[in-house]
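Inspection log for the structure reproduced underneath, given as structure tokens.
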Amino acid sequence: MKRKLLFFASVAALLMLLLTGCPNGPKSFTLTITTSPDTALQITIDLVNQQTPFSQKYVEGTNVNVQVTSPQERDGSAFVVGNDTKYTFQQWNDSNNSNPRNFTVNGNFTYTAQMNVQYKVDVSSSPAGALVTGGGWYNKNANATLTAPAMAGYIFDHWVVNGVNIGNTNPLTVPVNEPKNVVAHYVSAQFTLTVTTTPDTGLVIRIAGVQYNSPRTVSVSEGAVVQISVDTPQERDGSAFVVGNDTKYTFQQWNDASNTNPRNVTVNGNVT
309 MKRKLLFFAS VAALLMLLLT GCPNGPKSFT LTITTSPDTA LQITIDLVNQ QTPFSQKYVE
369 GTNVNVQVTS PQERDGSAFV VGNDTKYTFQ QWNDSNNSNP RNFTVNGNFT YTAQMNVQYK
429 VDVSSSPAGA LVTGGGWYNK NANATLTAPA MAGYIFDHWV VNGVNIGNTN PLTVPVNEPK
489 NVVAHYVSAQ FTLTVTTTPD TGLVIRIAGV QYNSPRTVSV SEGAVVQISV DTPQERDGSA
549 FVVGNDTKYT FQQWNDASNT NPRNVTVNGN VT
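See the structure below:
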């Protein structure tokens, strides 16, 4: 009888031990590593590549080595080609700025790496050729000042930022609250070139090799070099009293005192 009681007592004690666990066994805790303001950033946990947020259970007292990749870049916008967002480690949420850092797991803890965020401002011109200034990396919510320079043969017309026409203010200041693709749009600079004659008009002139009667006005791009000339001598029938040609015109000089005929004119504005 005593043996049976001892047996049942031993079985009961064993069942209690299985149900309650060994009171002296190792404890496990969860260590969570994340980043702010954005997640899905690259970290290493004991030299193994991971992404934030990362959570794992460890036996109490385990030493874990954590490193946040810094700086790191990624493509966050469809408007800018390639990587356009940069993250640089600043400090942990407990104000510790060690990176890499060793954590001793003695409780359930979450550590957040606070990151400085920069966005890329990509600049270009349409058509290509203008060296727009002000592009580069900016801290999140900083202001970028962009300038569209003069470009030979063209006039600055407007800006397009992330696909939206935002007007022609130049220089332009934009808040960098996201990656920006900024395009300075130019239009061809058109001026008028007028060639005439005096004291009479209706005479034969030539502009860029094409024959006209004076006066003639043509549109020309800024900076273009155009050849102009007057046929000389030339005659015409100016009187009903004389049979055939009765009036002769011989070139003397242009109104700017140049006597070169033909001559090349550089058009930088409306000119006669």
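Numbering (this note's numbering), first residue to last: 309 to 580.
Backbone N, C-alpha and C fix where the C-beta goes; we use that ideal spot for every residue, glycine too.
Same chain, Cβ closer than 8 Å to residue i, five either side skipped, listed in chain order
{"i": "residue 528", "result": "498, 499, 500, 501, 534, 575"}
{"i": "residue 325", "result": "Reliability of the predicted coordinates at residue 325 is poor, the pLDDT of 46 falling under 50, and no value is obtained from them."}
{"i": "residue 485", "result": "427, 448, 449"}
{"i": "residue 571", "result": "535, 536, 537, 562"}
{"i": "residue 345", "result": "423, 425"}
{"i": "residue 565", "result": "none"}
{"i": "residue 477", "result": "467"}
Identity of the residue in the options nearest residue i by Cα
{"i": "residue 416", "options": "512, 439, 338, 470", "result": "338"}
{"i": "residue 569", "options": "428, 367, 539", "result": "539"}
{"i": "residue 522", "options": "504, 514, 354", "result": "504"}
{"i": "residue 506", "options": "563, 430, 392, 387", "result": "563"}
{"i": "residue 490", "options": "447, 436, 519, 579", "result": "436"}
{"i": "residue 579", "options": "545, 547, 524", "result": "524"}
{"i": "residue 409", "options": "385, 351, 394, 458", "result": "351"}
{"i": "residue 496", "options": "532, 543, 547", "result": "532"}
{"i": "residue 333", "options": "519, 355, 367", "result": "367"}
{"i": "residue 430", "options": "390, 363, 418, 557", "result": "390"}
{"i": "residue 418", "options": "454, 363, 373, 349", "result": "363"}
{"i": "residue 372", "options": "411, 348, 358, 356", "result": "411"}
{"i": "residue 401", "options": "357, 567, 340", "result": "340"}
{"i": "residue 383", "options": "356, 349, 494", "result": "349"}
Spatial neighbours of residue i in its chain, beta-carbon cut-off 7 Å, leaving aside the 5 residues before and after
{"i": "residue 492", "result": "433, 438, 440, 456, 464, 467"}
{"i": "residue 396", "result": "378, 379, 423, 424"}
{"i": "residue 370", "result": "413"}
{"i": "residue 407", "result": "375, 376, 378, 397"}
{"i": "residue 516", "result": "534, 535"}
{"i": "residue 553", "result": "543, 544, 545"}
{"i": "residue 547", "result": "554"}
{"i": "residue 347", "result": "360, 361"}
{"i": "residue 475", "result": "466, 467"}
Cut-off 6 Å between Cβ atoms - residues of its own chain near residue i, not counting five sequence neighbours on either side
{"i": "residue 405", "result": "399"}
{"i": "residue 342", "result": "360, 361, 420"}
{"i": "residue 330", "result": "Caution is warranted here: a pLDDT of 48 is assigned to residue 330, below 50, making its placement in the model unreliable, and the coordinate value is therefore given only provisionally. So no residue of the chain qualifies."}
{"i": "residue 365", "result": "336, 338"}
{"i": "residue 473", "result": "466"}
{"i": "residue 559", "result": "538, 540, 569"}
{"i": "residue 458", "result": "none"}
{"i": "residue 526", "result": "501, 515"}
{"i": "residue 354", "result": "373"}
{"i": "residue 577", "result": "499"}
{"i": "residue 567", "result": "561"}
{"i": "residue 453", "result": "442, 479, 481"}
Cutoff 8 Å: residue i Cβ touching any chain C Cβ
{"i": "residue 361", "result": "Among the chains of the structure shown, chain C does not appear; only one protein chain is present."}
Short Cβ contact (8 Å threshold) for residue i with residue j
{"i": "residue 530", "j": "residue 461", "result": "yes"}
{"i": "residue 451", "j": "residue 387", "result": "no"}
{"i": "residue 392", "j": "residue 403", "result": "no"}
{"i": "residue 394", "j": "residue 445", "result": "yes"}
{"i": "residue 557", "j": "residue 542", "result": "yes"}
Identified DSSP bridge partners for residue i
{"i": "residue 550", "result": "None; residue 550 has no bridge partner."}
{"i": "residue 444", "result": "429"}
{"i": "residue 526", "result": "501"}
{"i": "residue 483", "result": "451"}
{"i": "residue 343", "result": "421"}
{"i": "residue 559", "result": "Paired residue(s): none; residue 559 is not in a bridge."}
{"i": "residue 335", "result": "Answer is none; residue 335 lacks a bridge partner."}
(Q) Closer than 8 Å is the cut-off here; do at least three beta carbon pairs connect the segment 503-516 with the segment 474-489? (A) In short, these stretches do not touch, since the Cβ pair count stays below three.
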